[in-house]
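Right, one structure below, let's go through it.
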Amino acid sequence: MELICPVCGSGLDRVEREYRCENRHSFDIARQGYVNLLTVQQKRSLHPGDTREQVLSRRAFLDAGYYAPIAKTLCDTAKDLGAAGPILDVGCGEGYYSARLAGALDAELTGLDISKEAVRCAAGKYKNALWICGTAAHLPVADRSAGIVTSLFALTMPEEFRRVLKPGGYYFQVLAAEDHLLGLKSIIYPELLHKEKNTVPELPGFRLVRSVPIRFDFTVEGEQVRNLLSMTPHVYRISKEGAQRLARTQTITDTASCVLNVYRADA
Ligand SMILES: C[S@@+](CC[C@H](N)C(=O)[O-])C[C@H]1O[C@@H](n2cnc3c(N)ncnc32)[C@H](O)[C@@H]1O
Ligand SMILES: [Zn+2]
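Just so we're aligned: 211 in our numbering is position 205 of the sequence shown, and the numbers increase by one with no gaps anywhere.
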């Protein structure tokens, strides 16, 4: 993947333990193996993105295999379409899905997340990839340098994704459906609000080529109940009463319901 300087936009070269541009902006590769390309101007808070606790919960939950059907659908669909790297995973979190996709396609992988904790965690486990702390709003990646962009349970920036994709490249998007994790929601909320959700959005500059619903049941117990809450946005919305009800819950049988949309970048 060709990287560009987040300050001036010129190409970045790796020189030993840092990335440098021709205008002498330089970015150290951290001891943990990731590079921070998020500028102070791009930060809206001191520690943007998911917290360490969320990242560790997600790692514990995903590594236990509960969401393996999502990873499998992603890998099988990418292989079936003949999609090829390099892969850029935006909002990569701790790297579970994209590490598997890169393995399945034997492709080069770059993961990017605005959370330093997330890329630190990804870099600690998945050594054959480049992990970047950066923002999806201004990807530090050269035009037309990715064969695949993924954004799984994370945000979509169609213009940026289109810019960095090669013509004919693929964007793989996973969105939670309206009935995702109803079991968890029914414990933490007094009533469930019905919110219309478009899970197959049209994206400018892209053509939708597949939309694959993914739906399966799973059961979590003990600490994994806490991990499940912590890795979702509900952790920010839960009330005190909801948290108390969840604390008394030992087992949840729930349904994961999401959609894998695959878009092709127009030539
Ligand atoms: C729900 S998590 C999904 C993580 C991972 N894709 C997964 O499915 O396991 C959303 C991720 O998006 C990241 N994020 C939020 N805003 C972002 C931004 N502007 N640019 C890049 N990443 C962002 C968060 O830090 C978090 O890791
Ligand atoms: Zn520069």
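Glycine is no exception: its CB is placed at the ideal position from the N, C-alpha and C atoms.
Predicted, not measured: the structure shown is a model, and the values here were computed from it.
N- and C-terminal bounds of the alpha helix (DSSP H) containing residue i
i, result
"Leu107", "Tyr102 to Leu111"
"Ala128", "Lys122 to Lys131"
"Arg58", "Arg58 to Asp69"
"Asp86", "Ala74 to Leu87"
"Gly189", "Leu188 to Ile194"
Residue i - DSSP class collapsed to helix/strand/coil
i, result
"Asn233", "helix"
"Pro164", "helix"
"Tyr242", "helix"
"Leu43", "coil"
"Arg50", "coil"
"Arg26", "strand"
"Arg20", "strand"
"Leu198", "coil"
"Leu145", "coil"
"Leu252", "helix"
Range covered by the beta strand (DSSP E) that runs through residue i
i, result
"Asp260", "Thr257 to Ala271"
"Thr116", "Leu115 to Asp119"
"Pro173", "Leu171 to Ala182"
"Arg221", "Phe212 to Glu227"
"Ile138", "Leu136 to Cys139"
"Ala152", "Ala152 to Leu158"
"Asp34", "Ser32 to Asp34"
"Leu209", "Per DSSP, Leu209 belongs to no beta strand (DSSP E) and is neither H nor E."
"Asp185", "Where Asp185 is concerned, there is no enclosing beta strand (DSSP E), given that its DSSP letter is neither H nor E."
Residue of the options minimising C-alpha distance to residue i
i, options, result
"Val241", "Ala129, Asp149, Ile193 and Gly228", "Ile193"
"Ile244", "Glu197, Ala183, Leu181 and Ala135", "Glu197"
"Leu181", "Leu161, Arg169 and Lys78", "Leu161"
"Ala262", "Gly189, Leu94 and Arg232", "Gly189"
"Asp185", "Asp19, Asp223, Ile35 and Tyr103", "Asp223"
"Asp86", "Asp272, Val268 and Ala273", "Val268"
"Arg23", "Leu80, Asp34 and Val13", "Asp34"
"Pro54", "Ala110, Ala74, Gln48 and Ser121", "Ser121"
"Met237", "Asn29, Ile220, Asp69 and Leu209", "Asp69"
"Lys49", "Gly15, Ala142, Tyr176 and Thr255", "Ala142"
Check whether residue i and residue j have beta carbons under 8 angstroms apart
i, j, result
"Gly97", "Ala128", "no"
"Gly153", "Leu43", "no"
"Val265", "Val218", "yes"
"Asp272", "Phe212", "yes"
"Gly17", "Ala148", "yes"
"Val1", "Leu94", "The structure shown has nothing for residue 1, since the chain only spans 7 to 273."
"Pro210", "Pro164", "yes"
"Gln47", "Gly130", "no"
"Thr57", "Ser104", "no"
"Thr225", "Thr257", "yes"
"Leu187", "Glu166", "no"
CB-CB length for residue i against residue j, believed under 8 angstroms
i, j, result
"Leu115", "Ala108", "4 angstroms"
"Arg126", "Tyr40", "6 angstroms"
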